[in-house]
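Chemist: First, the structure itself, so that you have it in front of you.
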């Protein structure tokens, strides 16, 4: 499915469907393909928006979780979105968390899946080896419960990023920024209804991370998906969409009178 990439000033983004904005933030090696099933399903119910995060365009000083959050803030302001359902996977979840803590006013709900912000294995102790295709393939496979999810197309996308020395430096800067920027102390301030969807077989942000987010974010609910790794919306799209649709529908139901 090809989507039209729109442009407003320096912002590139996809916008499909009508209704309340469902804004999707991708992770460190994220691409549009990560959200294909999600966009297709929810464009019939919401305005689905995917801003292209400038992972490699920011100067090295601002190549950080905070730098990406500022970009998201400026994008939301430029588009004047309100009542936003903000969804982030992996690093995108971390950016979403920082955004809600700094600018809660336009955010109606938060959805995190495999989010960093408390703990993540990331690249482990080995950073991307330039030009080593097999290494990149193995690292991409680790993202999923089923290694076959790491298609040649996906591995090629990641490999292409790691062939550039500057991009590798920026990936390392972002990964280190995510590890430094631990939000444990602040999560209790989040007021928005929060949905946590975790893969039971996530090795990057393991299930205990989902439980810890659930414990620390007051108005949160946690769902696990079996036989699923770090990107539930890719690996188990039907289950993921069902959980998310139920959560969003519940938000729009009038509160029951006791």
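In the numbering used here, the protein residues as written are 1263 to 1520. Glycine included, C-beta positions come from ideal geometry on N, C-alpha and C.
1. Please report the distance separating the alpha-carbon of residue 1317 from that of residue 1484.
2. From 1268, 1508, 1465 and 1438, pick the residue whose C-alpha is nearest to that of residue 1457; which is it?
3. In the structure shown, what three-state DSSP assignment does residue 1296 receive?
4. Does DSSP put residue 1307 in a helix, a strand or coil?
5. What residue does the beta strand (DSSP E) around residue 1331 start on, and which one ends it?
6. Among residues of its own chain, excluding the 5 on either side of residue 1516, which ones have a beta-carbon nearer than 6 Å to its beta-carbon?
7. With DSSP run on the structure shown, which of helix, strand or coil describes residue 1409?
8. Checking 9 Å against the spacing of the C-beta atoms, do residue 1408 and residue 1491 come in under that value?
9. Please classify residue 1510 as buried or exposed, where buried requires at least 16 neighbouring CB atoms within 10 angstroms.
10. I need the boundaries of the alpha helix (DSSP H) containing residue 1399, first residue and last residue.
11. Checking 9 Å against the spacing of the C-beta atoms, do residue 1363 and residue 1350 come in under that value?
12. Alpha carbon to alpha carbon, how far is residue 1427 from residue 1395?
13. Would you give the residue range spanned by the beta strand (DSSP E) that residue 1351 belongs to?
14. Just tell me which of 1312, 1270 and 1378 has its CA closest to the CA of residue 1442.
15. Are the CB atoms of residue 1235 and residue 1420 nearer to each other than 9 Å?
16. Residue 1431 and residue 1322: beta carbons closer than 9 Å?
17. Between the Cα of residue 1267 and those of 1330, 1313 and 1512, spot the shortest distance and give me the residue it belongs to.
18. Candidates 1424, 1343, 1503 and 1469: which alpha carbon is nearest residue 1393's?
19. Could you tell me the boundaries of the alpha helix (DSSP H) in which residue 1472 lies?
20. For residue 1306, which option in 1291, 1284 and 1320 has the closest C-alpha, if you only look at C-alpha atoms?
21. Strictly by DSSP, which residues pair up with residue 1312?
22. Assign residue 1498 to one of two classes, buried (16 or more other C-beta atoms within 10 Å of its C-beta) or exposed (fewer than that).
23. Alpha carbon to alpha carbon, how far is residue 1238 from residue 1287?
Modeler: In terms of the structure at hand:
1. Straight through space, the alpha carbons of residue 1484 and residue 1317 are spaced by roughly 29 Å.
2. Among 1268, 1508, 1465 and 1438, the Cα nearest to that of residue 1457 belongs to 1508.
3. Of the three classes helix, strand and coil, the one that applies to residue 1296 here is helix, per DSSP.
4. Reduced to three states, the DSSP call for residue 1307 is coil.
5. Segment 1327–1341 is the alpha helix (DSSP H) holding residue 1331; no beta strand (DSSP E) there.
6. Closer than 6 Å at the Cβ level, and outside the excluded window around residue 1516, lies no residue.
7. Reduced to three states, the DSSP call for residue 1409 is helix.
8. Going by C-beta atoms, residue 1408 is nearer than 9 Å to residue 1491.
9. By the neighbour-count criterion, in which a residue is buried when 16 or more other Cβ atoms sit within 10 angstroms of its Cβ, residue 1510 is buried.
10. Segment 1395–1404, the alpha helix (DSSP H) holding residue 1399.
11. Cβ atoms of residue 1363 and residue 1350: not closer than 9 Å.
12. Rounded to whole angstroms, residue 1427 to residue 1395 spans 15 Å at the Cα level.
13. For residue 1351, the uninterrupted beta strand (DSSP E) segment begins and ends at 1346–1351.
14. For residue 1442, the closest alpha carbon among the candidates 1312, 1270 and 1378 is that of 1378.
15. Summary: the structure shown does not reach residue 1235, with the chain confined to residues 1263 through 1520, and so no result is reported for it.
16. Against a cut-off of 9 Å, the Cβ pair of residue 1322 and residue 1431 comes out as a contact.
17. Of 1330, 1313 and 1512, the smallest CA-CA separation from residue 1267 is found for 1313.
18. For residue 1393, the closest of 1424, 1343, 1503 and 1469 by C-alpha to C-alpha distance is 1424.
19. It spans 1469–1478 - the alpha helix (DSSP H) in which residue 1472 sits, taken as one unbroken run.
20. Cα-wise, what sits closest to residue 1306 is 1284.
21. Answer is 1276.
22. Counting Cβ neighbours within 10 Å, residue 1498 comes out buried, since at least 16 surround it.
23. Residue coverage of the chain in this structure runs from 1263 to 1520, which leaves residue 1238 outside it and unanswerable.
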